[in-house]
Amino acid sequence: MCGILLCSGGFASKSESVLREYYEAEPMCSFHDDRSIEVMAELVRQRGPNYCSWRSVEGYDTVWFSSVLSLRQPFTGQSIRIGEDYILQFNGELYNSEIIDNDTQYIVDLFKGNAYNVAETIRVLDGEFAFTLYDLKKDIVYFGRDVVGKRSLSYSIDRESGELVVTSISGNNPGNRCFFDCVAGVIYVYDKSTKSLDATNIILKPFEITTGTDMEMHNSEFLTKELYSKLSTAVEKRVNTIHPLHMENSPISVLFSGGLDCSVIVALICECLIKRDLGRVTLELLNVAFENKRTKMQPSEAPDRQLAIKSAQDLQDKYPSIDIKLVEVDVSYDEYLKHRPLVIDLMYPKNTEMDLSIAIAFYFASRGHGYIREQQTNKRLQYKRLGLVLFSGLGADELYGGYYKFNNKTEVELANELSVQINNIYRRNLNRDDKVIASNGVEVRYPFLDEDVITYSTKYIPINYKRDKFILRNLASTILNLQNISIEKKRAIQFGAKSAKMTKDGNKSGTDLLK
Numbered sequence: 001m002c003g004i005l006l007c008s009g010g011f012a013s014k015s016e017s018v019l020r021e022y023y024e025a026e027p028m029c030s031f032h033d034d035r036s037i038e039v040m041a042e043l044v045r046q047r048g049p050n051y052c053s054w055r056s057v058e059g060y061d062t063v064w065f066s067s068v069l070s071l072r073q074p075f076t077g078q079s080i081r082i083g084e085d086y087i088l089q090f091n092g093e094l095y096n097s098e099i100i101d102n103d104t105q106y107i108v109d110l111f112k113g114n115a116y117n118v119a120e121t122i123r124v125l126d127g128e129f130a131f132t133l134y135d136l137k138k139d140i141v142y143f144g145r146d147v148v149g150k151r152s153l154s155y156s157i158d159r160e161s162g163e164l165v166v167t168s169i170s171g172n173n174p175g176n177r178c179f180f181d182c183v184a185g186v187i188y189v190y191d192k193s194t195k196s197l198d199a200t201n202i203i204l205k206p207f208e209i210t211t212g213t214d215m216e217m218h219n220s221e222f223l224t225k226e227l228y229s230k231l232s233t234a235v236e237k238r239v240n241t242i243h244p245l246h247m248e249n250s251p252i253s254v255l256f257s258g259g260l261d262c263s264v265i266v267a268l269i270c271e272c273l274i275k276r277d278l279g280r281v282t283l284e285l286l287n288v289a290f291e292n293k294r295t296k297m298q299p300s301e302a303p304d305r306q307l308a309i310k311s312a313q314d315l316q317d318k319y320p321s322i323d324i325k326l327v328e329v330d331v332s333y334d335e336y337l338k339h340r341p342l343v344i345d346l347m348y349p350k351n352t353e354m355d356l357s358i359a360i361a362f363y364f365a366s367r368g369h370g371y372i373r374e375q376q377t378n379k380r381l382q383y384k385r386l387g388l389v390l391f392s393g394l395g396a397d398e399l400y401g402g403y404y405k406f407n408n409k410t411e412v413e414l415a416n417e418l419s420v421q422i423n424n425i426y427r428r429n430l431n432r433d434d435k436v437i438a439s440n441g442v443e444v445r446y447p448f449l450d451e452d453v454i455t456y457s458t459k460y461i462p463i464n465y466k467r468d469k470f471i472l473r474n475l476a477s478t479i480l481n482l483q484n485i486s487i488e489k490k491r492a493i494q495f496g497a498k499s500a501k502m503t504k505d506g507n508k509s510g511t512d513l514l515k
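Take the sequence shown: its position 497, counted from the start at 1, is 497 in full-length UniProt numbering, and no numbers get skipped.
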């Protein structure tokens, strides 16, 4: 996982001096020319705590600043020059079967072999990623995200000056620039000579939910087994690409509410680890709960905390060979107030009460400062997250109809709603969540948003299997034997963790803008 910042155009020389001094100075210097460049560099650096660097090329008015969280060997710094043709910045993880070691090197080799043009090369990549690619010979900048948009990427263009900024995260004080989040699955092409942006190159057509039905449930067993196979493969790809050294020295973490979606992911991770026979691997279940001043509720009373304790026990009983630790992340009201401005900055341009209540829950959960319980005494001991890779159950509600508002819709209406949900998940969720979670120097992986899982779920699972997540509940109860967890109802994180409506001013709506 990496952080990307590309600055190109008339202000590049100023950007270079800022980034050079930022990279070489310790502690960070103050820059009066363009404070926003410094802020973006710091936000990008937080995403990759293992390594950061800047690059400039003589004769080109462009600078690159990159940071790296190293999860694969051999270590590959960013950015990368590919011969005399390209400079690449890559943020993400690839799961193509042809990859032997490092996924960034895999992309480099594709371009070196000249087997594909830029668009064709991006289309063959399987994973969660964002990128910039500068064609040095044509003076063209390519940038974009995977087909679902699992890694954040934004851009700003000044058509008069030709200034282009592409960044993983801009913060809410980007100077005079107006940033736009990249649309998922679009390869943006910026021609510096004409100062023109082409955003018509689509990697994949939008996903469409089938309206087909199986009202008698004749294919229930077959389709459930097929979905289980697809999800198992998606989890295995994301577990098996964690380098063995990381598996030995740090756990795998899961954002854990105790509900159906994340519990299925935990069970599938456990099955994968048992299959690989890696010994007693640790799995951290990160559960967050807030002290809520309005309701006078303590973290221990939050619905998600109580559910997480119960579900974690079920999973521990089922998989005793895996060291499953429930990490109880308690957030006091004072700590909420202290970190609130930072989270608002991180999640920009999202700026509603609902976005904050979700983002701040993910921020504290991924930060992972909490407690674990001693088995013999049930005494809580302080604990800090060790895992660098976090798994999330995001996507299950959008694929399998987990929202209550869908309950009274016809099959056609439900199919249309779910199509909108899955195709816009980058805009509604992923832009915000990636920026907030990655600020803690970790990488989040989404098995439900694996392209094969989405394609199978949208094309082949009948629409009546997607009322209240019937097919996923069936998978949990009949294949994974998680009967208690399979009947748990959907609860949004901001309500389960009690991060919504934190103050006595409880008449705020989720759509209200932050003040």
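Beta carbons: idealized from backbone N, C-alpha and C, even for Gly.
Between the alpha carbons of residue 415 and residue 409 lies a distance of about 9 angstroms. Three or more beta-carbon pairs drawn from the region 348–358 and the region 423–440 are found closer than 8 angstroms, and the two stretches are therefore classed as touching. By the Cβ neighbour-count rule, residue 461 is buried, with 16 or more other Cβ atoms within 10 Å of its own.
Counting the other CB atoms within 10 Å of its CB gives residue 404 a total below 16, which places it among the exposed residues. Nearest neighbour of residue 290 by Cα position, chosen from 62, 501, 61, turns out to be 501.
In this model, residue 95 and residue 129 are separated by some 11 angstroms (Cα to Cα).
Looking only at 136, 252, 239, 482, the smallest Cα-Cα distance to residue 61 is reached by 136.
Listed in chain order, the non-local C-beta contacts of residue 448 below 6 angstroms within the same chain comprise 395, 396, local neighbours out to five positions each way being set aside.
In the three-state DSSP reduction, residue 399 falls in the helix class (H, G or I). Non-local C-beta neighbours of residue 382 in its own chain, meaning closer than 7 angstroms and more than five positions away in sequence, comprise 371, ordered along the chain. Under the rule that a run must span 4 or more residues, the alpha helix (DSSP H) segments found entirely inside the region 177–245 read 220–240. Rounded to whole angstroms, residue 152 and residue 181 show a C-alpha spacing of 8 angstroms. If you look at residue 106, you'll find it in the alpha helix (DSSP H) that goes 103–112. By the neighbour-count definition (other C-beta atoms within 10 Å, threshold 16), residue 513 is an exposed residue. For residue 384, the three-state secondary structure derived from DSSP is strand. By the Cβ test, the region 43–59 is not in contact with the region 185–193, since fewer than three Cβ pairs between them sit closer than 8 angstroms. A check of alpha carbon separations from residue 475 across 232, 363, 336 identifies 232 as the nearest. Taking C-beta atoms under 8 angstroms as the contact rule, residue 3 and residue 48 qualify, at a distance of about 5 angstroms. DSSP, reduced to helix, strand and coil, places residue 139 outside both helices and strands of the structure shown, so it counts as coil. With respect to the C-alpha of residue 360, the residue from 88, 437, 268, 72 having the closest C-alpha is 437.
Linking residue 391 to residue 251 through their CA atoms gives a straight-line distance of about 12 angstroms. Residue state for residue 130 is assigned as strand, using DSSP reduced to three classes.
Measuring C-alpha to C-alpha distances from residue 119 to each of 144, 105, 314 identifies 144 as the nearest. The count of Cβ pairs closer than 8 angstroms, one atom from the region 234–243 and one from the region 262–270, reaches three, so the stretches are in contact. With fewer than 16 neighbouring CB atoms inside 10 Å of its own CB, residue 173 falls in the exposed class.
Annotation for residue 214: 462 place their beta carbon closer than 6 angstroms to its own, counting only its chain and skipping 5 residues before and after.
One thing to note: residue 156 has its Cβ no nearer than 9 angstroms to the Cβ of residue 169. If you ignore the 5 residues before and after residue 412, its C-beta comes within less than 6 angstroms of the C-beta of 211, all in its own chain and listed in chain order. The C-beta of residue 423 has 16 or more other C-beta atoms within 10 Å across all chains shown, which makes the residue buried.
An exposed status is given to residue 194, since fewer than 16 other beta-carbon atoms sit within 10 Å of its beta-carbon.
For a cut-off of 8 angstroms, the C-beta gap from residue 36 to residue 175 is around 4 angstroms, short enough to register as a contact. DSSP, reduced to helix, strand and coil, places residue 47 within a helical segment of the structure shown.
Taking the C-beta atoms as reference points, residue 287 is found no nearer than 9 angstroms to residue 321. Look at residue 281 here: in three-state DSSP terms it is coil, with no helix or strand label. Within 10 angstroms of the beta-carbon of residue 376 lie fewer than 16 other beta-carbons, which makes it exposed.
The Cβ atoms of residue 509 and residue 292 lie no closer than 9 angstroms to each other.
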